[in-house]
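Going line by line, the protein sequences match chains A and B. Heads up, our numbering is the position in the first sequence plus 2, with the first residue counted as 1. Heads up, our numbering is the position in the second sequence plus 2, with the first residue counted as 1. This report refers to the structure that appears directly beneath it.
Number of protein chains: 2
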Amino acid sequence: MYIGIDLGGTGIKAGLVDDNYKILHTASVPTGAQRHYSEIIKDMAMLAIRVTEEADFDIKKDVKSVGIGSPGTCDSENGILVYSNNINFENVPMREEMNKYIDLPIYIGNDANVAALGEFMVLDDKNVNHMVAITLGTGIGGGVIINKKIYDGFNGAAAEIGHFQVQMTDGEACTCGRNGCWEAYGSVTALIRETKRAIEAHPDCDMAKDVTAHDGHVSGKTAFVWAKKGDPVAQEVVDNYIHAVAEGIVSVINIFQPEVLVIGGAISKEGDYLLNPIKKHVEQFRYSRSIPQTEIRIAKLGNDAGIIGAALLGADVK
Amino acid sequence: MYIGIDLGGTGIKAGLVDDNYKILHTASVPTGAQRHYSEIIKDMAMLAIRVTEEADFDIKKDVKSVGIGSPGTCDSENGILVYSNNINFENVPMREEMNKYIDLPIYIGNDANVAALGEFMVLDDKNVNHMVAITLGTGIGGGVIINKKIYDGFNGAAAEIGHFQVQMTDGEACTCGRNGCWEAYGSVTALIRETKRAIEAHPDCDMAKDVTAHDGHVSGKTAFVWAKKGDPVAQEVVDNYIHAVAEGIVSVINIFQPEVLVIGGAISKEGDYLLNPIKKHVEQFRYSRSIPQTEIRIAKLGNDAGIIGAALLGADVK
């Protein structure tokens with residue numbers, strides 16, 4: 003079995019994952035991101051040991067490797083976290099630090115890439131060579147699998163799929179400093195922004211009245227909930243959102259032509275309500291016809307993708 | 003040595019290429035694209051034999067393989083041209099047909115991918131693993147090299163880099179049926195369109211007066227020529243064009259993070275006048291900082307990239 007660690011800005015999660023890619027047990031601690039890296043990594047190692055012991059296994063005898071999914075750019079070959087503004091790490095020797103406490107192979111990878119690997123490993127069709135995973139969350143995360151391996155470019159920073167520009171002129175501001183990135187239209191953050199704008203512009207619609215009558219709180223679900231209840235204002239928000247997601251997916255497919263594209267993240271819980279219009283749009287606007295087409299699916303693992311993918315960094319992918 | 007064939011809609015070019023990737027001799031014939039594929043492919047084979055004989059070599063003794071760069075989608079494993087709307091081929095067994103006349107290994111690949119391979123093979127730095135080539139021509143062509151090999155997706159159709167959308171709302175029409183593709187802003191066709199619009203909007207500018215005084219002909223060079231002469235209208239056309247190219251390149255780098263990105267096609271002849279503002283823009287807007295950055299270069303091979311790349315399909319890339 004393997005240990006997967008999902009290092010985040012607020013929490014560290016660790017999971018014991020068996021050879022069938024199932025999580026046997028998990029545990030978590032707060033990150034305490036303001037601390038020195040040596041303390042954070044020590045906590046990660048202790049958590050890995052704890053999660054194994056709590057499941058009545060022996061880390062030395064039963065575990066083959068420990069994988070870490072981390073925000074930022076990783077030098078996976080040398081086990082170094084090159085740069086993360088999320089937890090303020092720069093050139094941190096993750097492998098070396100972990101090996102002070104755990105004498106096992108240590109692997110590290112970018113969290114979005116690692117989650118993509120997790121989704122890739124649980125595909126039913128083992129003949130798939132190339133897969134793209136997109137995560138519709140606070141931002142748009144991306145992970146690319148090429149020839150059954152994570153593709154992260156020459157510097158560990160590739161697959162920033164949320165940061166290709168979809169609106170060059172008059173684009174919404176993106177967190178990365180550009181305007182008009184896909185993330186600024188297809189993320190939950192963008193959906194919430196558009197929902198709020200619609201509520202402001204149409205204070206008499208059912209959605210606006212309900213939101214105002216309660217605490218004014220808007221989430222990524224608000225527009226979806228009210229669209230399903232028949233509010234045309236909410237429906238327009240949802241339609242525009244899905245259009246932006248679908249347009250980006252057409253572009254990603256035109257570039258990568260993977261066998262499978264997987265949609266994960268909070269919004270993916272909408273399931274077919276999201277997936278069906280995307281498929282229809284892609285079918286209409288994809289560049290290449292008369293050839294086999296990418297299959298678009300909702301992610302299977304949800305929040306577990308990070309732990310499972312990290313754990314499987316050490317598993318040989320054949 | 004190798005033979006490379008560049009199959010186009012109007013002409014077929016063949017070249018004999020030596021082990022140092024130099025073209026020794028070339029020959030060409032019209033494509034006659036309306037004919038049955040068997041006739042076209044017979045002409046390709048005869049041209050390959052002719053180009054070898056004219057250079058005083060023996061195809062059986064001296065040539066290791068024949069490579070074909072073709073428009074459209076290729077099944078390179080099976081030597082089949084799956085689909086090309088350019089020459090109206092569908093599921094054409096190129097390898098099988100060629101082997102009727104030439105008893106050598108036959109390789110086929112998409113023309114843009116093959117040109118990228120040509121540029122990759124002549125890079126001075128042999129440690130480069132990943133490279134993206136973009137061709138600013140009638141459209142925007144793209145070729146992606148990953149781990150020293152052409153990446154063309156699971157269906158042979160990947161790397162359509164001209165067809166990611168850069169303007170989702172109010173985008174210019176693209177030949178592919180979508181609006182707002184990068185090609186609709188960064189191609190020579192787009193540059194000519196914008197030059198004509200500027201001339202119409204500013205009939206008194208130097209560029210407009212000169213174009214009107216002659217035959218009204220506008221090319222991809224017109225705005226560049228008049229910008230260099232100090233016409234502010236032409237300068238604005240050029241600035242906007244370079245901005246669109248540079249924005250697309252930032253997106254491509256955010257996705258692929260290759261060691262090298264090569265710019266080819268007609269516009270690339272502008273050299274540093276094009277390259278320097280692109281580099282400056284990329285430096286400002288790229289997503290990933292504090293890590294090694296992609297080097298952006300002008301293509302070396304120009305029009306020869308197709309023949310050389312096709313020839314090298316049969317060369318082992320180490």
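In this text, a Cβ means the ideal position worked out from N, Cα and C, and glycines have one as well.
Chain order gives no chain A residues near Phe91/B, where near means a beta carbon separation below 7 Å; the closest approach is about 11 Å. Within the DSSP bridge table, the entry for Pro32/B names Gly13/B as partners. By the rule that beta-carbons nearer than 9 Å mark a contact, Ser253/A touches chain B.
When secondary structure is reduced to three states using DSSP, Gly273/B falls in the coil class, being assigned neither helix nor strand. Residues Val168 of the same chain have their beta carbon placed closer than 7 Å to that of Glu249/A, with the five preceding and five following residues left out of the count.
In this structure, His204/B lies near Val235/B, with their beta-carbon atoms less than 9 Å apart.
Boundaries for Tyr243/A: no beta strand (DSSP E) harbours it, while the alpha helix (DSSP H) harbouring it runs 234-258, taken from the DSSP string. The contact set of Cys178/B on chain A, defined by CB atoms closer than 7 Å, consists of Tyr289 in chain order.
Three or more beta-carbon pairs separated by less than 8 Å are not found between the segment 144-156 of chain A and the segment 170-182 of chain A, which leaves the two stretches without contact. If only complete runs of 4 or more residues are kept, the segment 117-203 of chain A shows the alpha helix (DSSP H) at 185-188, 190-203, in order along the chain. Boundaries for Arg52/B: no beta strand (DSSP E) harbours it, while the alpha helix (DSSP H) harbouring it runs 39-56, taken from the DSSP string. Against chain B, the beta carbon of Glu249/A has neighbours under 7 Å at Gln167, Met170, listed in chain order. Contact between Glu261/B and Phe156/A is confirmed by a C-beta separation of about 5 Å, below the 8 Å threshold.
For Lys15/B, the number of other beta carbons within 10 angstroms of its own is at least 16, and it is reported as buried.
Proximity of the segment 84-91 of chain A to the segment 118-127 of chain A falls short of the contact definition, fewer than three beta-carbon pairs being nearer than 8 Å. Its chain contains Thr140 as the residues whose beta carbon lies nearer than 6 Å to that of Thr191/B, once the 5 sequence neighbours on both sides are disregarded; these appear in chain order.
In the three-state DSSP reduction, Arg97/B falls in the helix class (H, G or I).
With respect to chain B, the C-beta atom of Ser292/A has a partner C-beta closer than 9 Å. Assignment of Asp212/B by DSSP, reduced to helix, strand and coil, places it in the helix class.
In the DSSP secondary-structure assignment, Tyr85/B is bridged to Thr75/B, Glu92/B. Of the candidates Leu263/B, Tyr103/B, Ala246/B, Ala301/B, Ala301/B places its Cα closest to the Cα of Lys271/B. With its beta carbon less than 9 Å from one in chain A, Ala159/B belongs to the interface. Taking a cut-off of 8 Å on C-beta distances, the segment 19-33 of chain B does not touch the segment 92-100 of chain B, as fewer than three cross pairs fall below it.
Beta-bridge partners of Leu18/A (DSSP): Ile5/A, His27/A. Approximately 7 Å separates the beta-carbon atoms of Ile104/A and Ile51/A; this is inside 8 Å, confirming the contact. Glu79/B is the residue among Met96/B, Ile265/B, Glu79/B, Ile255/B whose C-alpha sits nearest the C-alpha of Gly158/B. Excluding the 5 residues flanking it on each side, Ile255/A has same chain C-beta neighbours closer than 7 Å at Leu263, Val284, Arg288, Thr296, in chain order. Annotation: Leu314/B is outside any beta strand (DSSP E); the continuous alpha helix (DSSP H) that includes it extends over 307-314. The beta carbon of Ile244/B is closer than 6 Å to those of Pro279 in its chain, skipping five residues each way along the sequence. Of all residues in the segment 114-135 of chain A, only Asn131, His132 come within less than 7 Å of chain B when Cβ atoms are compared, listed by chain position.
Below the 8 Å Cβ cutoff, chain A contributes no neighbours of Tyr109/B, its closest Cβ being approximately 19 Å away. Residue range 262-266 is occupied by the beta strand (DSSP E) that includes Val264/B. Within chain B, the residues whose beta carbon sits less than 9 Å from that of Ile148/A are Ile148, Asn149, Tyr153, listed in sequence order.
In the DSSP assignment, the residues bridged to Arg299/B are Val264/B.
Considering only Val134/A, Thr177/A, Arg180/A, the residue with the shortest C-alpha distance to Ile163/A is Val134/A. With 16 or more other Cβ atoms from the protein chains shown falling within 10 Å of its own Cβ, Glu196/B counts as buried.
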